[in-house]
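Q: One structure coming up, written as structure tokens, with questions to follow.
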Amino acid sequence: MNHPADSHDLISVRGARENNLKDISVDIPKRRLTVFTGVSGSGKSSLVFGTIAAESQRLINETYTAFVQSFMPSLGRPDVDGLSGLSAAIIVDQERMGANSRSTVGTATDANAMLRILFSRLGDPHIGPSFHYGFNAAEGMCLRCEGLGEVNDIDVDQLVDRTKSLNAGAITIPGYKAEGWYVRIYADSEFLDGDKVLADYTDQEWADFLYKEPVKVSVQNMNLTYEGLVPKVQKSILSKDRETVQPHIRAFIDRAVTFTRCPECLGTRLNPAALSSTIDGRNIADCTAMQISDLAEFVRGISDESVAPIVLTLSQTLDSFVEIGLGYLSLERTSASLSGGEAQRVKMVRHLGSSLTDVTYVFDEPTVGLHPHDIQRMNGLLLRLRDKGNTVLVVEHKPETIGIADHVVDLGPRAGVHGGEITFTGTVDELRASETLTGRHLGDRARLKDGVRTPSGALEIRDATRHNLRGVDVDVPLGVLTVVTGVAGSGKSSLIHGSIPPGANVVSVDQTAIRGSRRSNPATYTGLLDPIRTAFAKANGVKAALFSANSEGACPNCKGAGVIYTDLAMMAGVATVCEECGGKRFQQQVLEYRLDGKNIAEVLAMPVAEAEEFFASGPAHAILQRLVDVGLGYLSLGQPLTTLSGGERQRLKLAIHMAEKGGVYVLDEPTSGLHLADVEQLLHLLDRLVDSGKTVIVIEHHQAVMAHADWIIDLGPGAGHDGGRVVFEGTPAQLLADRSTLTGQHLAEYVAG
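Residue 1 is where the sequence shown starts when you use full-length UniProt numbering, and the numbers rise one by one after that.
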């Protein structure tokens with residue numbers, strides 16, 4: 001007889017309307033691997049992350065006391081009629097793992113903590129408990145660089161213009177205006193003459209201006225603290241993490257500051273005592289610098305029975321790295337330097353050894369950044385998580401991973417307002433037989449081009465040694481489409497991003513997050529809002545500022561945000577649609593102004609493709625045309641940038657860069673987030689760029705892109721110190737005939753189909 005508890009075998013979603021979802025209902029089997037497919041923008045993430053995972057996390061948070069909840073992020077209830085059968089959701093996404101320079105692969109996975117315990121037990125000489133081996137603790141860190149491994153040097157000539165006086169704008173740091181208080185404190189102080197040209201300063205004046213210790217002064221009858229410009233800049237600007245500051249501040253840091261390896265700890269971050277303690281001749285810095293696959297071997301060789309449990313746990317963690325295809329990393333590698341796909345796989349390491357079962361694991365394109373060879377291993381890990389009794393939900397486009405699903409949910413039929421519906425549920429075989437867009441393209445196989453382009457020259461890379469590159473010499477052909485491939489960690493990014501000679505007129509387009517607030521959207525980011533506002537102003541005889549929700553036209557109630565954020569003190573905060581503007585963000589009087597029958601809110605709600613027809617000519621049309629060209633026709637102009645996927649972010653950047661005059665375009669996995677049906681459109685776009693005289697270099701694993709290349713550079717043969725060499729360069733046809741590399745073997749299988 002069945003037990004009632006065994007009947008809860010479905011996650012039931014009823015009436016989901018998050019983002020573009022059209023009141024959909026679906027049942028998802030628990031303790032199975034379900035893959036969600038559909039074109040980019042069809043609603044997959046809205047269903048999986050925005051509805052199922054979000055509600056699971058919200059319900060778990062509600063089990064904590066109001067006091068504990070006050071320290072947690074506030075989560076609003078998703079727009080859905082009903083959800084049942086939910087289990088605790090663990091989200092393993094592609095968000096970068098923080099830009100904190102103190103965070104490394106080792107600290108992010110507890111591998112460092114276990115290694116420190118090992119050294120505190122066996123290290124010779126013994127120097128104390130585990131935190132004495134940590135660079136984030138005062139007892140273990142190098143005092144010169146405070147555990148950062150590098151020191152900064154400031155170029156004074158990037159802070160000031162010596163030909164001017166303070167009152168004439170000699171300080172060139174962002175935010176230091178001649179009439180502002182930052183400058184007045186120097187110009188009006190007893191130490192300096194505000195009208196004296198800096199080049200005429202005495203040695204004493206230079207010392208007071210740049211390096212004086214903090215001292216109380218009276219300026220314009222106000223008591224203030226005077227401090228030299230260099231320490232002031234170090235505290236106010238350089239103490240912030242470079243990745244978190246605004247672009248113009250980041251540009252200033254790059255211009256004014258050089259970071260060099262700390263001369264005392266030689267980049268190890270640790271003090272002499274921590275570095276003196278060794279196990280089998282290696283100190284802890286030697287261990288964290290080793291490739292993880294080598295470190296796993298070293299740890300397995302430690303036979304002391306007193307530390308057997310910690311050796312076993314650490315070995316399992318390190319073996320998980322190797323198994324997941326990250327054995328080429330080192331524990332000292334900074335978290336911020338990991339790609340989105342690497343970050344997601346590092347997060348997976350935390351869960352592989354977990355004793356938890358009957359939880360829901362949610363993955364966002366876990367194959368991003370993976371060579372076809374590595375995808376097979378990733379598939380094995382997903383199946384292992386399922387076989388432990390977990391529900392595994394995967395948003396994915398790669399046919400190799402769709403193929404292992406127990407159940408498929410296909411969304412569509414298209415993107416944005418033309419998506420948000422369930423177009424298919426069932427098995428993979430049933431999907432293949434269906435008439436959905438995904439079903440029709442699942443069996444797609446690439447065909448080699450009839451002919452390849454002839455290069456117009458070459459970019460010479462000589463003796464490239466960045467990271468794991470082994471003195472690589474290679475000529476990247478100009479005027480053609482070159483695809484750089486190889487397993488994850490083989491050295492592709494090091495070769496292209498790190499070795500292309502400066503001055504090569506390169507436009508680099510990657511998937512890093514677009515910096516901007518929740519007020520930022522495609523219209524503001526691309527500069528499209530300016531011609532739109534100008535068109536509205538001209539048509540109505542009023543000023544353009546009225547048509548900005550961040551300026552004069554903003555609804556006074558919500559300040560142009562469209563929602564009111566309410567802080568409920570000890571309880572989770574709530575975001576509610578503004579009652580005054582109904583979420584439209586503008587004052588009512590602004591919405592009465594029309595352009596060809598539409599008000600500004602209606603225009604910003606348009607998808608890009610519709611707006612392209614609406615603005616049939618002029619500067620707005622040119623920007624919209626580029627957005628359509630890169631496959632973003634389904635995005636609405638006012639959609640917050642924070643809701644875009646990695647692939648969408650890259651294509652948005654590409655649309656902007658297409659207007660530039662760069663001669664060489666470098667794209668990093670532009671197919672990520674792209675449905676099989678959209679890859680063809682991307683290939684047409686790459687062709688158009690090349691045919692217009694550009695050189696296009698694509699770092700890519702997708703076989704359809706490889707097959708379409710004019711030239712292929714394959715790195716390997718493996719990852720980390722097993723890679724870093726060019727194992728093949730030539731045309732796709734030659735690679736197929738050669739079949740000596742992993743890439744060649746997989747491409748041959750793909751083309752043969």
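Just so you know, even glycine gets a beta-carbon here, dropped at the ideal spot from N, CA and C.
Keep in mind that this is a model prediction, so the values were computed, not measured.
(1) What did DSSP end up calling residue 606 once you bin it into helix, strand or coil?
(2) On the three-state DSSP scale, how would you describe residue 667?
(3) Less than 8 Å between C-beta atoms, sequence neighbours within five positions excluded: which residues of the same chain meet that for residue 208?
(4) Please name the residue, chosen from 722, 702 and 715, that lies closest to residue 747 on a Cα-to-Cα basis.
(5) Using only alpha-carbon positions, find the residue among 130, 230, 686 and 122 that is nearest to residue 113.
(6) Count the other CB atoms within 10 Å of the CB of residue 543; is the residue buried (16 or more) or exposed (fewer)?
(7) Got a sec, what are the start and stop residues for the beta strand (DSSP E) residue 360 sits in?
(8) Going along the chain, which residues of its own chain have a beta-carbon closer than 7 Å to the beta-carbon of residue 78, five neighbours each way excluded?
(9) Output the boundary residues of the alpha helix (DSSP H) element that contains residue 292.
(10) Using C-beta distances below 6 Å, list every residue in its chain close to residue 547, excluding the 5 sequence neighbours before and after it, in chain order.
(11) Strictly by DSSP, which residues pair up with residue 11?
(12) In three-state DSSP terms, what is residue 162?
(13) For residue 150, list the residues DSSP reports as bridge partners.
(14) Do you know whose CA, among 268, 484, 528 and 235, lies nearest residue 608's CA?
(15) For residue 38 versus residue 411, is the C-beta spacing smaller than 7 Å?
(16) So what does residue 475 bridge to, in DSSP terms?
(17) Locate the beta strand (DSSP E) running through residue 754, then write down its first and last residues.
(18) Three-state secondary structure (DSSP) at residue 215?
(19) Answer with buried or exposed for residue 211, where buried requires no fewer than 16 other C-beta atoms within 10 angstroms of its C-beta.
(20) Can you tell me the Cα-Cα spacing of residue 640 and residue 672, whole angstroms?
(21) Between residue 390 and residue 359, is the Cβ-Cβ spacing less than 7 Å?
(22) Residue 277 and residue 110 look like a contact to me (Cβ under 8 Å); what is the Cβ gap, rounded to whole Å?
(23) Whose C-alpha, out of 169, 331 and 282, is nearest the C-alpha of residue 302?
(24) Measure the CB-CB distance between residue 637 and residue 658 and report whether it falls below 7 Å.
(25) Can the beta-carbon of residue 40 be found less than 7 Å from the beta-carbon of residue 675?
(26) Since residue 750 is in the beta strand (DSSP E), which residue starts that stretch and which ends it?
(27) Quick test of your reading: residue 666 and residue 494, contact by CB under 8 Å. State the CB separation rounded to the nearest angstrom.
(28) Distance check for residue 585 and residue 595, CA to CA, integer angstroms please.
(29) Could you tell me the distance, in whole angstroms, from the CA atom of residue 333 to the CA atom of residue 664?
(30) On the criterion of 16 or more Cβ atoms from any shown chain inside 10 Å, does residue 293 qualify as buried, or is it exposed?
(31) For residue 782, which beta-bridge partners are listed by DSSP?
A: The answer reads as follows:
(1) Residue numbering aside, residue 606 sits at position 606 when the sequence shown is read from its first letter. Shown here, residue 606 sits in coil according to DSSP, grouped into three states, outside any helix or strand.
(2) As a first step, residue 667 must be located in the sequence shown, where it is residue number 667. In the three-state DSSP reduction, residue 667 falls in the strand class (E or B).
(3) Here residue 208 refers to the residue found at position 208 of the sequence shown. The residues are 191, 192 and 228.
(4) Reading the sequence shown from its first residue, position 747 is the one you call residue 747. The residue from 722, 702 and 715 with its alpha-carbon nearest to that of residue 747 is 702.
(5) Numbered from 1 along the sequence shown, position 113 holds the residue referred to as residue 113. The closest CA to that of residue 113, considering only 130, 230, 686 and 122, is found on 130.
(6) Counting from one through the sequence shown, the residue named residue 543 turns up at place 543. Within a 10 Å sphere around the beta-carbon of residue 543 sit fewer than 16 other beta-carbons, which makes this residue exposed.
(7) Position 360 of the sequence shown, counting from 1, holds the residue named residue 360. Segment 360 to 364, the beta strand (DSSP E) holding residue 360.
(8) Locating residue 78 in the sequence shown gives position 78, counting from the first residue. Scanning its chain for C-beta atoms nearer than 7 Å, with the 5 sequence neighbours on each side dropped, one finds around residue 78 the residues 18, 50, 51, 54 and 55, in chain order.
(9) Along the sequence shown, one-based indexing puts residue 292 at 292. Segment 292 to 300, the alpha helix (DSSP H) holding residue 292.
(10) Taking the first residue of the sequence shown as 1, we reach residue 547 at position 547. Excluding sequence neighbours, residue 547 sits near 533, 536, 553 and 600.
(11) For the purposes of this step, residue 11 is taken as residue 11 along the sequence shown, with counting starting at 1. Beta-bridge pairing links residue 11 to 28.
(12) What you label residue 162 is simply residue 162 of the sequence shown in a count that begins at 1. Of the three classes helix, strand and coil, the one that applies to residue 162 here is coil, per DSSP.
(13) Within the sequence shown, numbered from 1, the residue matching residue 150 stands at position 150. Residue 150 pairs with 261.
(14) Reading the sequence shown from its first residue, position 608 is the one you call residue 608. Among 268, 484, 528 and 235, the Cα nearest to that of residue 608 belongs to 528.
(15) Your numbering for residue 38 matches position 38 in the sequence shown. Your numbering for residue 411 matches position 411 in the sequence shown. Taking C-beta atoms as the reference points, residue 38 and residue 411 count as a pair closer than 7 Å.
(16) What you label residue 475 is simply residue 475 of the sequence shown in a count that begins at 1. DSSP output for residue 475 lists 460 as bridge partner(s).
(17) In the structure as shown, the chain starts at 1 and stops at 753, and residue 754 therefore has no counterpart that could be examined.
(18) As a position in the sequence shown, residue 215 is number 215, starting the count at 1. Three-state DSSP puts residue 215 in a strand.
(19) Position 211 of the sequence shown holds residue 211. Exposed, by the Cβ-count rule.
(20) What you label residue 640 is simply residue 640 of the sequence shown in a count that begins at 1. What you label residue 672 is simply residue 672 of the sequence shown in a count that begins at 1. Their backbone Cα atoms lie some 20 Å apart in a straight line.
(21) The residue given as residue 390 occupies position 390 in the sequence shown. The residue given as residue 359 occupies position 359 in the sequence shown. Cβ atoms of residue 390 and residue 359: closer than 7 Å.
(22) To locate residue 277, count along the sequence shown from 1; it is residue 277. To locate residue 110, count along the sequence shown from 1; it is residue 110. No, residue 277 and residue 110 are not in contact; Cβ-Cβ is about 20 Å, not under 8 Å.
(23) Residue 302 sits at position 302 when you count from the first residue of the sequence shown. Of the candidates 169, 331 and 282, the one whose C-alpha sits nearest the C-alpha of residue 302 is 282.
(24) Within the sequence shown, residue 637 is the residue found at index 637, counting from 1. Within the sequence shown, residue 658 is the residue found at index 658, counting from 1. Cβ atoms of residue 637 and residue 658: not closer than 7 Å.
(25) Here residue 40 refers to the residue found at position 40 of the sequence shown. Here residue 675 refers to the residue found at position 675 of the sequence shown. The answer is yes: Cβ separation under 7 Å.
(26) On the sequence shown, position 750 is the one that residue 750 refers to. Note, residue 750: premise wrong, no beta strand (DSSP E); alpha helix (DSSP H) at 742 to 752.
(27) Here residue 666 refers to the residue found at position 666 of the sequence shown. Here residue 494 refers to the residue found at position 494 of the sequence shown. That belief does not hold up - the Cβ atoms of residue 666 and residue 494 are roughly 13 Å apart, past 8 Å.
(28) Within the sequence shown, residue 595 is the residue found at index 595, counting from 1. Within the sequence shown, residue 585 is the residue found at index 585, counting from 1. The alpha-carbon atoms of residue 595 and residue 585 are separated by roughly 18 Å.
(29) As a working mapping, residue 333 is identified with position 333 in the sequence shown. As a working mapping, residue 664 is identified with position 664 in the sequence shown. Computed Cα separation, rounded: 29 Å.
(30) Start at 1 with the first residue of the sequence shown, and residue 293 comes out as number 293. Flag for residue 293 reads buried.
(31) This structure cannot settle anything about residue 782, because the visible part of the chain is limited to 1 through 753.
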